[in-house]
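Numbering (the working numbering), first residue to last: -4 to 73. Beta carbons: idealized from backbone N, C-alpha and C, even for Gly. These notes are about the structure you will find just below.
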Amino acid sequence: MSFELTMSGGVLFGVVWGSIYVAIAANLGATWAFLIGLYLYRDVICRMIQGNVKFKAIDKAVAQEGFKIVLLSCPSSC
């Protein structure tokens, strides 16, 4: 679906402006999704994963060594 929307942006606004609009829209969409998850669904998700041992281990690792976890999860092309 995102491919089609990106291509539509290029057709409607041209390559340069379409690329700019798509980049802005993608960043705004990701930001809104993050904020909605953070403020509206955090408690729900915490209750869902409360008894899961794997999620507790991941949460503990991220809390202690968050930057290292991000670097390890980054593809080698970063």
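{"Item": "Put Gln59 into one of helix, strand or coil per three-state DSSP.", "Value": "helix"}
{"Item": "Put Gly9 into one of helix, strand or coil per three-state DSSP.", "Value": "coil"}
{"Item": "Assuming contact is defined by CB atoms lying nearer than 7 angstroms, are Gly4 and Tyr16 in contact in what I supplied?", "Value": "yes"}
{"Item": "Rounded to a whole number of angstroms, what is the C-alpha to C-alpha distance between Val83 and Trp27?", "Value": "No statement about residue 83 is possible, as the shown extent of the chain runs from -4 to 73 and does not include it."}
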